[in-house]
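Residue numbers (the working numbering): 1380 to 1581.
Ideal Cβ placement from N, Cα and C applies to all residues, glycine included.
Some notes on the structure that comes next.
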(Lines of atoms letter the chains of each structure in order from A and count residues from 1; the text may use other names and numbers.)
(Lines give C-alpha, C1' and ligand atoms only; values in the text may rest on other atoms or scores of the structure.)
Protein backbone atom coordinates (compact mmCIF):
# COMPACT_ATOMS: atom_id res chain seq x y z
CA UNK A 1 0.00 0.00 0.00
CA UNK A 2 1.54 3.32 -1.08
CA UNK A 3 1.04 6.44 0.99
CA UNK A 4 1.14 9.97 -0.36
CA UNK A 5 4.41 11.79 -0.03
CA UNK A 6 4.48 14.81 2.24
CA UNK A 7 5.16 17.17 -0.70
CA UNK A 8 2.03 16.00 -2.54
CA UNK A 9 -0.36 17.10 0.25
CA UNK A 10 -1.48 20.67 -0.23
CA UNK A 11 -0.28 22.84 2.67
CA UNK A 12 -3.31 25.11 2.51
CA UNK A 13 -5.70 22.16 2.79
CA UNK A 14 -3.70 20.87 5.76
CA UNK A 15 -3.99 24.27 7.43
CA UNK A 16 -7.76 24.31 6.87
CA UNK A 17 -8.10 20.75 8.16
CA UNK A 18 -6.02 21.59 11.24
CA UNK A 19 -8.17 24.64 12.01
CA UNK A 20 -11.39 22.65 11.61
CA UNK A 21 -10.01 19.79 13.69
CA UNK A 22 -8.94 22.05 16.56
CA UNK A 23 -12.09 24.16 16.81
CA UNK A 24 -14.53 21.30 16.28
CA UNK A 25 -12.73 19.23 18.93
CA UNK A 26 -12.98 22.07 21.46
CA UNK A 27 -16.60 22.81 20.57
CA UNK A 28 -17.51 19.15 21.08
CA UNK A 29 -15.22 18.40 24.02
CA UNK A 30 -17.92 18.39 26.71
CA UNK A 31 -20.40 16.70 24.38
CA UNK A 32 -18.00 13.84 23.61
CA UNK A 33 -17.26 13.45 27.33
CA UNK A 34 -21.03 13.33 27.90
CA UNK A 35 -21.39 10.55 25.32
CA UNK A 36 -18.46 8.64 26.80
CA UNK A 37 -19.85 8.88 30.34
CA UNK A 38 -23.41 7.95 29.37
CA UNK A 39 -22.04 5.06 27.32
CA UNK A 40 -20.81 3.63 30.62
CA UNK A 41 -24.05 4.39 32.48
CA UNK A 42 -26.11 2.75 29.73
CA UNK A 43 -23.87 -0.31 29.71
CA UNK A 44 -23.93 -0.71 33.51
CA UNK A 45 -27.36 0.47 34.77
CA UNK A 46 -27.05 -1.38 38.11
CA UNK A 47 -24.07 0.77 39.07
CA UNK A 48 -26.20 3.91 39.07
CA UNK A 49 -29.58 2.93 40.53
CA UNK A 50 -29.48 4.78 43.88
CA UNK A 51 -32.07 7.41 42.92
CA UNK A 52 -34.28 5.39 40.57
CA UNK A 53 -38.06 5.75 40.55
CA UNK A 54 -38.99 8.61 42.84
CA UNK A 55 -42.78 8.65 42.75
CA UNK A 56 -45.11 11.54 43.62
CA UNK A 57 -48.85 10.92 43.73
CA UNK A 58 -51.21 13.86 44.30
CA UNK A 59 -54.92 14.62 44.02
CA UNK A 60 -56.46 18.07 43.68
CA UNK A 61 -59.88 19.41 42.74
CA UNK A 62 -60.72 20.50 39.23
CA UNK A 63 -61.08 24.33 39.29
CA UNK A 64 -64.58 25.74 39.58
CA UNK A 65 -64.48 27.49 36.21
CA UNK A 66 -64.28 24.06 34.54
CA UNK A 67 -67.47 22.88 36.30
CA UNK A 68 -69.79 21.43 35.23
CA UNK A 69 -67.50 19.31 33.10
CA UNK A 70 -68.36 19.05 29.40
CA UNK A 71 -65.79 16.73 27.78
CA UNK A 72 -67.50 16.79 24.40
CA UNK A 73 -67.64 20.60 24.25
CA UNK A 74 -64.82 22.19 22.22
CA UNK A 75 -64.64 25.31 24.39
CA UNK A 76 -64.44 23.22 27.56
CA UNK A 77 -61.70 21.09 26.01
CA UNK A 78 -59.70 24.21 25.18
CA UNK A 79 -60.17 25.61 28.70
CA UNK A 80 -59.19 22.36 30.38
CA UNK A 81 -56.20 22.04 28.04
CA UNK A 82 -55.07 25.54 29.01
CA UNK A 83 -55.35 24.63 32.71
CA UNK A 84 -53.40 21.41 32.23
CA UNK A 85 -50.67 23.27 30.36
CA UNK A 86 -50.42 26.02 32.97
CA UNK A 87 -50.21 23.46 35.79
CA UNK A 88 -48.01 20.75 34.26
CA UNK A 89 -46.70 21.99 30.92
CA UNK A 90 -48.53 19.42 28.79
CA UNK A 91 -49.52 20.10 25.20
CA UNK A 92 -53.09 19.89 23.89
CA UNK A 93 -52.25 17.09 21.44
CA UNK A 94 -51.24 14.89 24.42
CA UNK A 95 -54.76 15.02 25.91
CA UNK A 96 -57.32 12.25 25.39
CA UNK A 97 -60.94 13.20 26.17
CA UNK A 98 -63.37 10.49 27.26
CA UNK A 99 -66.91 10.55 28.67
CA UNK A 100 -65.91 10.10 32.32
CA UNK A 101 -62.24 11.06 32.32
CA UNK A 102 -59.52 13.04 30.63
CA UNK A 103 -56.12 11.38 30.37
CA UNK A 104 -52.71 12.88 29.70
CA UNK A 105 -49.48 10.89 29.42
CA UNK A 106 -46.40 13.10 29.35
CA UNK A 107 -42.94 11.58 28.90
CA UNK A 108 -39.66 13.43 29.18
CA UNK A 109 -36.01 12.45 29.62
CA UNK A 110 -35.96 10.33 32.78
CA UNK A 111 -39.51 11.27 33.73
CA UNK A 112 -43.04 9.93 33.30
CA UNK A 113 -46.24 11.76 34.20
CA UNK A 114 -49.81 10.44 34.06
CA UNK A 115 -52.61 12.93 34.70
CA UNK A 116 -56.21 11.81 34.95
CA UNK A 117 -59.16 14.15 35.35
CA UNK A 118 -61.89 12.12 37.04
CA UNK A 119 -65.04 13.79 35.72
CA UNK A 120 -67.31 11.85 38.09
CA UNK A 121 -65.59 12.99 41.29
CA UNK A 122 -64.22 16.21 39.72
CA UNK A 123 -60.64 15.62 40.84
CA UNK A 124 -57.28 15.57 39.08
CA UNK A 125 -55.04 12.61 39.88
CA UNK A 126 -51.35 13.09 39.08
CA UNK A 127 -48.85 10.24 39.07
CA UNK A 128 -45.38 11.72 38.57
CA UNK A 129 -42.34 9.44 38.34
CA UNK A 130 -38.76 10.69 38.28
CA UNK A 131 -36.10 8.09 37.52
CA UNK A 132 -33.13 10.23 38.53
CA UNK A 133 -30.30 12.23 36.99
CA UNK A 134 -28.62 9.23 35.36
CA UNK A 135 -31.89 8.26 33.65
CA UNK A 136 -32.18 11.82 32.32
CA UNK A 137 -28.64 11.65 30.90
CA UNK A 138 -29.26 8.20 29.39
CA UNK A 139 -32.44 9.36 27.65
CA UNK A 140 -30.63 12.44 26.32
CA UNK A 141 -27.90 10.16 24.97
CA UNK A 142 -30.52 8.16 23.06
CA UNK A 143 -32.68 11.17 22.16
CA UNK A 144 -35.66 9.47 23.79
CA UNK A 145 -38.61 11.68 24.79
CA UNK A 146 -36.38 14.74 24.31
CA UNK A 147 -38.11 16.64 21.51
CA UNK A 148 -37.16 17.82 18.03
CA UNK A 149 -34.65 20.49 19.12
CA UNK A 150 -32.54 18.00 21.07
CA UNK A 151 -32.65 15.46 18.22
CA UNK A 152 -31.34 18.18 15.89
CA UNK A 153 -28.49 18.83 18.33
CA UNK A 154 -27.65 15.12 18.25
CA UNK A 155 -27.68 15.09 14.44
CA UNK A 156 -25.49 18.19 14.15
CA UNK A 157 -23.07 16.86 16.76
CA UNK A 158 -22.81 13.54 14.92
CA UNK A 159 -21.92 15.34 11.68
CA UNK A 160 -19.28 17.41 13.50
CA UNK A 161 -17.79 14.30 15.13
CA UNK A 162 -17.48 12.73 11.65
CA UNK A 163 -15.80 15.92 10.43
CA UNK A 164 -13.46 15.89 13.44
CA UNK A 165 -12.47 12.27 12.73
CA UNK A 166 -11.90 12.79 9.00
CA UNK A 167 -9.80 15.94 9.44
CA UNK A 168 -7.71 14.13 12.05
CA UNK A 169 -7.05 11.34 9.55
CA UNK A 170 -6.27 13.86 6.81
CA UNK A 171 -3.65 15.55 8.98
CA UNK A 172 -1.76 12.24 9.13
CA UNK A 173 -1.33 11.99 5.35
CA UNK A 174 2.02 13.84 5.14
CA UNK A 175 3.40 11.87 8.11
CA UNK A 176 4.08 8.55 6.40
CA UNK A 177 5.44 6.68 9.42
CA UNK A 178 2.62 7.75 11.75
CA UNK A 179 0.07 7.09 9.01
CA UNK A 180 1.26 3.50 8.58
CA UNK A 181 1.07 2.88 12.33
CA UNK A 182 -2.34 4.53 12.57
CA UNK A 183 -3.75 2.42 9.73
CA UNK A 184 -2.31 -0.70 11.37
CA UNK A 185 -3.93 0.11 14.74
CA UNK A 186 -7.21 1.02 13.04
CA UNK A 187 -7.32 -2.32 11.23
CA UNK A 188 -6.26 -4.17 14.39
CA UNK A 189 -8.95 -2.62 16.61
CA UNK A 190 -11.65 -2.84 13.93
CA UNK A 191 -10.83 -6.49 13.24
CA UNK A 192 -10.90 -7.20 16.98
CA UNK A 193 -14.36 -5.65 17.30
CA UNK A 194 -15.66 -7.63 14.33
CA UNK A 195 -14.17 -10.81 15.77
CA UNK A 196 -15.80 -10.21 19.16
CA UNK A 197 -19.14 -9.58 17.43
CA UNK A 198 -18.91 -12.77 15.37
CA UNK A 199 -17.67 -15.07 18.13
CA UNK A 200 -18.98 -13.69 21.44
CA UNK A 201 -22.09 -11.59 20.82
CA UNK A 202 -25.25 -13.71 21.20
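| Query | Result |
| --- | --- |
| Whose CA, out of 1448, 1555, 1463 and 1575, lies closest to the CA of residue 1477? | 1448 |
| Where does the unbroken beta strand (DSSP E) through residue 1485 begin, and where does it stop? | 1480 to 1487 |
| What does the alpha-carbon distance come out to for the pair residue 1498 and residue 1463? | 14 Å |
| Are three or more beta carbon pairs between the segment 1534 to 1544 and the segment 1457 to 1474 nearer than 8 Å? | no |
| Count the other CB atoms, across all protein chains shown, that sit within 10 Å of the CB of residue 1580; report buried if there are 16 or more and exposed otherwise. | exposed |
| Enumerate in chain order the residues of its own chain whose CB-to-CB distance from residue 1483 is below 7 Å, with the five nearest sequence positions on each side excluded. | 1463, 1469, 1473, 1474 and 1494 |
| Compute the Euclidean distance between the alpha carbons of residue 1488 and residue 1481, then round it to the nearest angstrom. | 24 Å |
| Between which two residues does the beta strand (DSSP E) holding residue 1493 run? | 1490 to 1497 |
| Could you name the residues of the same chain whose beta carbon sits closer than 7 Å to that of residue 1486, not counting the 5 residues immediately before and after it, in chain order? | 1524 |
| Quick check on residue 1508: does DSSP put it in helix, strand or coil? | strand |
| Three or more C-beta pairs closer than 8 Å, one from the segment 1392 to 1406 and one from the segment 1543 to 1561: is that the case here? | yes |
| Could you spell out where the beta strand (DSSP E) holding residue 1439 opens and where it closes? | 1433 to 1440 |
| Under 8 Å, do residue 1506 and residue 1436 count as touching if we go by C-beta distance? | yes |
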